[in-house]
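Chains A and B, in that order, give the protein sequences.
All the letters of the first sequence, read from the start, carry residue numbers 6 to 347 under this note's numbering.
All the letters of the second sequence, read from the start, carry residue numbers 44 to 378 under this note's numbering.
The beta-carbon is built from N, C-alpha and C at its ideal position, and this holds for glycine as well.
Note that the structure is a prediction, hence the values are computed from the model and not measured.
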Amino acid sequence: MYEPLVKDGMVKGGGKGKRRTPLDGRIESYAVGIYPRSQLLVTATRKNHPNLAEVFRKGKQSWINTQRRAGLTYIADPMIDWDDIFRPFAKVKGISLGPLNRFFETNTFYRRLIVHDALDGYGSIAKSMLALDLIKGDRKVASLPDPYTFTMLNENRYYKSYEDYLFAVADMLNAEAKTLAKEGVEIIQFNAPSIAYEVDKAKDKLELIKDAMARVKKGVSSKVYLYFYFGNIAGIFDELLDIKVDGLGIDTSSTKLLSLIDYSIDKDMVIGIVDAMNTKMEEVKSMASALNFMFERLDAKHIILTTSNSLEYLPYKFAVKKVSVLGNITKLLNAKQDGLIL
Amino acid sequence: MPMLFPCQEIGSLKKPAWLLDYVKHNRVSEEDKERARNDAAYINIRLLEDIGLDIVYDGEVRRVEMYEYPIRYVKGFIFAGEVRSFDNKYYKKARCVTKVALRDNYHLNEFLFVKANARKDVKIPITGPYTLADWSYNEFYNSKEEFVMDIAREIIRPLIQDLVKHGARIIQIDEPAMTTHPSEMRIAVDAINECTNGIDAKFIVHICYSGNEYRALIPYAMDINAQQFALEFANRDTWNLGLDDDSRRGYKVLKEFKEYGYSKEIGLGVVDVHVDDIESPELIRDRIVYAAKILGAENIYVNPDCGLRTRSRSIAVEKLRVMVKGTELARKAFE
Numbered sequence: 006m007y008e009p010l011v012k013d014g015m016v017k018g019g020g021k022g023k024r025r026t027p028l029d030g031r032i033e034s035y036a037v038g039i040y041p042r043s044q045l046l047v048t049a050t051r052k053n054h055p056n057l058a059e060v061f062r063k064g065k066q067s068w069i070n071t072q073r074r075a076g077l078t079y080i081a082d083p084m085i086d087w088d089d090i091f092r093p094f095a096k097v098k099g100i101s102l103g104p105l106n107r108f109f110e111t112n113t114f115y116r117r118l119i120v121h122d123a124l125d126g127y128g129s130i131a132k133s134m135l136a137l138d139l140i141k142g143d144r145k146v147a148s149l150p151d152p153y154t155f156t157m158l159n160e161n162r163y164y165k166s167y168e169d170y171l172f173a174v175a176d177m178l179n180a181e182a183k184t185l186a187k188e189g190v191e192i193i194q195f196n197a198p199s200i201a202y203e204v205d206k207a208k209d210k211l212e213l214i215k216d217a218m219a220r221v222k223k224g225v226s227s228k229v230y231l232y233f234y235f236g237n238i239a240g241i242f243d244e245l246l247d248i249k250v251d252g253l254g255i256d257t258s259s260t261k262l263l264s265l266i267d268y269s270i271d272k273d274m275v276i277g278i279v280d281a282m283n284t285k286m287e288e289v290k291s292m293a294s295a296l297n298f299m300f301e302r303l304d305a306k307h308i309i310l311t312t313s314n315s316l317e318y319l320p321y322k323f324a325v326k327k328v329s330v331l332g333n334i335t336k337l338l339n340a341k342q343d344g345l346i347l
Numbered sequence: 044m045p046m047l048f049p050c051q052e053i054g055s056l057k058k059p060a061w062l063l064d065y066v067k068h069n070r071v072s073e074e075d076k077e078r079a080r081n082d083a084a085y086i087n088i089r090l091l092e093d094i095g096l097d098i099v100y101d102g103e104v105r106r107v108e109m110y111e112y113p114i115r116y117v118k119g120f121i122f123a124g125e126v127r128s129f130d131n132k133y134y135k136k137a138r139c140v141t142k143v144a145l146r147d148n149y150h151l152n153e154f155l156f157v158k159a160n161a162r163k164d165v166k167i168p169i170t171g172p173y174t175l176a177d178w179s180y181n182e183f184y185n186s187k188e189e190f191v192m193d194i195a196r197e198i199i200r201p202l203i204q205d206l207v208k209h210g211a212r213i214i215q216i217d218e219p220a221m222t223t224h225p226s227e228m229r230i231a232v233d234a235i236n237e238c239t240n241g242i243d244a245k246f247i248v249h250i251c252y253s254g255n256e257y258r259a260l261i262p263y264a265m266d267i268n269a270q271q272f273a274l275e276f277a278n279r280d281t282w283n284l285g286l287d288d289d290s291r292r293g294y295k296v297l298k299e300f301k302e303y304g305y306s307k308e309i310g311l312g313v314v315d316v317h318v319d320d321i322e323s324p325e326l327i328r329d330r331i332v333y334a335a336k337i338l339g340a341e342n343i344y345v346n347p348d349c350g351l352r353t354r355s356r357s358i359a360v361e362k363l364r365v366m367v368k369g370t371e372l373a374r375k376a377f378e
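Have a look at this one:
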């Protein structure tokens, strides 16, 4: 049974006591994370194509065009050349590659990184792996793992305490984010599945996580968002509102939107509405109607729609359709808001 | 007294290169391709028996892969495309779009061939209902539970019944996805029981690489209608000789099985199928002896962690040979 998380008269998240009209301003959209590879790229990588870099670049261009055609507000590099979300950081001094590990409850695996020395030599790792030149004229968004997830899924053999380890990773991500901001990336979404997956475990470290995110955000001119998926964060949402970031995000297949309507959210809300774990396509009109109803009740600064998580768990042609569905839902909601559709 | 520590394989071996080339060839008739597969199956059966295994199959030489192969023979699924497993490795995933149904017994011919040619006991591996559901996209059923249970009822149970009717006595249900979602363990347990209850055969459940060292399985292990769990341990163990907990850290979790009242057999994974390094017979002996002291020697079967298809045939053969040698040493230790 749903129980309001905020009692009468309580206003959370630095709200001004007066309910905002959430649908002021356009609803925006983006889809970040690792995208699936086309059949052409699957074959090229299997056969170790002699000019793989060029094949990847063409694949990136194709995904960028798909995002543009769908009308997404912000365009992301599709990260199809990232082996997993951590792998590029194996280039950082002090990090080496470890064994394969399952990524949460998916059937996809990542290589655990081993931190064996002080982290150094970072700042342009993410930039070097993103084809930002292909999206020069677009509004840009990028994603990185959040420091808590990074530290929980990789292994520390150097830092004396968890705090030292977490803050070292946060400083590394801060340097990466600053570089991306300088390149004109407007939003950097930090993905935090580890917080959502084991909420109770994360709750014990919440103060440290807040400090770490403050370090990540320090001096970064882009908007910094923290996105939760693979678990329900409704139980700790009031505490998450204190994190000094510009936006929070939820995957609605794990955290129901309904559980957030009693909060006054003085941040942007990124809402994962398109299921990136299943090939079944969302019905655009009914989804837009349901969201319209919810958004009239949701008190957030600004709304951005996205996919539940990265699209890599879907075959290519279904991921293409999902991007289009995301764009169409966003367009329909904005048309309703403009009074073009009753 | 029955022999201690029977040796078995888990399933797949790498297919011989000549077979792959031959079956891909457009000009080769289906009849000739089948003859080639029979030859390869025969070679694998003899190879495994000559190495000294006590329970054998054909190295799954006719199967493309453990998920794709059965899905091809089941109504209700359409292949959706490939998804990355890691790096540049991909696997095909299918969508379930209508109610599932079995077209025909997709393992019958291979089983009959093995039965006719094997001199040792035969164990047939089949992919379990939970894994088939978990590795697919469900677009039809209202819930995961409904989906899994329908696969159990409509596909796997009739398949098992037919295999038993044709003489199958030992059936290994492969469920690598089983402990991936700890919150869904009850569904997986009910599904296996749905497939196996009332059927007169020995059932083995094989699970691997699901994380958390089987702690999700332990509370349910005695509820599952299977006489044995064949599990991977070697990849988490050290290569140091010895019977102390630290040296045998990969097998320490067996103490938790025991504490939970586990009294069935364990198919003990004693060689790591993801590395080319060959374990020594003495290391295998120590792994077996350590496990036998916890669960009782009569409850220990010996096998690789998983199918050896990830290794070259020469490495796989070498690993199986040392597995048999190490088992002989363990038997001596218990004489």
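CA-to-CA distance, residue j to residue i, given in whole angstroms
i       : j       : result
Y170(A) : T223(B) : 28 Å
H121(A) : D193(B) : 49 Å
D287(B) : T281(B) : 11 Å
G254(A) : G277(A) : 7 Å
E168(A) : V157(B) : 58 Å
A173(A) : I80(A)  : 29 Å
K58(B)  : Y115(A) : 27 Å
E212(A) : T154(A) : 15 Å
P45(B)  : L149(A) : 58 Å
K272(A) : V229(A) : 11 Å
K208(B) : I321(B) : 40 Å
E361(B) : Q215(B) : 24 Å
V289(A) : I270(A) : 26 Å
G171(B) : V97(A)  : 42 Å
V66(B)  : I337(B) : 47 Å
T257(A) : N237(A) : 9 Å
Selected residue, minimal CA-CA separation from residue i, among the options
i       : options                               : result
G30(A)  : I334(A), E317(A), V275(A) and H307(A) : H307(A)
I121(B) : N159(A), K285(A) and F242(A)          : K285(A)
A244(B) : A269(B), R212(B), F300(B) and L202(B) : R212(B)
K261(A) : L231(A), G224(A), D271(A) and F300(A) : F300(A)
G285(B) : P347(B), S323(B) and A195(B)          : S323(B)
R196(B) : S306(B), A234(B) and R229(B)          : A234(B)
Y263(B) : R279(B), D289(B) and E227(B)          : E227(B)
L319(A) : N53(A), Q44(A), I32(A) and R302(A)    : Q44(A)
V296(B) : S306(B), I261(B), R374(B) and S186(B) : I261(B)
N342(B) : D130(B), V332(B), I216(B) and G350(B) : V332(B)
A373(B) : D329(B), I358(B), S355(B) and N81(B)  : D329(B)
K141(A) : K187(A), L245(A) and L46(A)           : K187(A)
E325(B) : T353(B), R356(B), L338(B) and N283(B) : N283(B)
Q270(B) : A334(B), V191(B) and Y344(B)          : Y344(B)
E108(B) : Q51(B), K76(B), T174(B) and I86(B)    : T174(B)
L158(A) : E110(A), Y40(A) and S199(A)           : S199(A)
Buried versus exposed call for residue i [16 or more other C-beta atoms within 10 Å across all chains shown]
i       : result
D177(B) : buried
P225(B) : exposed
V165(B) : buried
G126(A) : exposed
W61(B)  : exposed
T239(B) : buried
F298(A) : exposed
D138(A) : exposed
G332(A) : buried
M177(A) : buried
K145(A) : buried
Below-8 Å beta-carbon distance, residue i vs any chain B residue
i       : result
E288(A) : no
V225(A) : no
V325(A) : no
Y318(A) : yes
L105(A) : yes
Short CB-CB distance (under 8 Å) between residue i and chain A
i       : result
Y85(B)  : no
S128(B) : yes
T223(B) : yes
K142(B) : no
*Which full runs of the alpha helix (DSSP H) of 4+ residues lie inside the stretch 212-298 of chain A, going along the chain?*
Entirely contained in the stretch 212-298 of chain A, the alpha helix (DSSP H) runs reaching 4 residues are, in chain order, 242-245.
*Just list the beta strand (DSSP E) runs in the stretch 161-198 of chain A, keeping only unbroken ones of 3 residues or longer that don't cross its boundaries, in chain order.*
190-196
*At 4 residues or longer, and completely inside the stretch 169-236 of chain B: list those alpha helix (DSSP H) runs for me, N to C.*
With a minimum length of 4 residues, the continuous alpha helix (DSSP H) runs that stay inside the stretch 169-236 of chain B are 172-177, 187-194 and 200-208.
_Give the list of continuous beta strand (DSSP E) stretches no shorter than 3 residues that lie fully inside the stretch 96-129 of chain A._
Qualifying beta strand (DSSP E) stretches, in chain order: 98-107 and 114-125.
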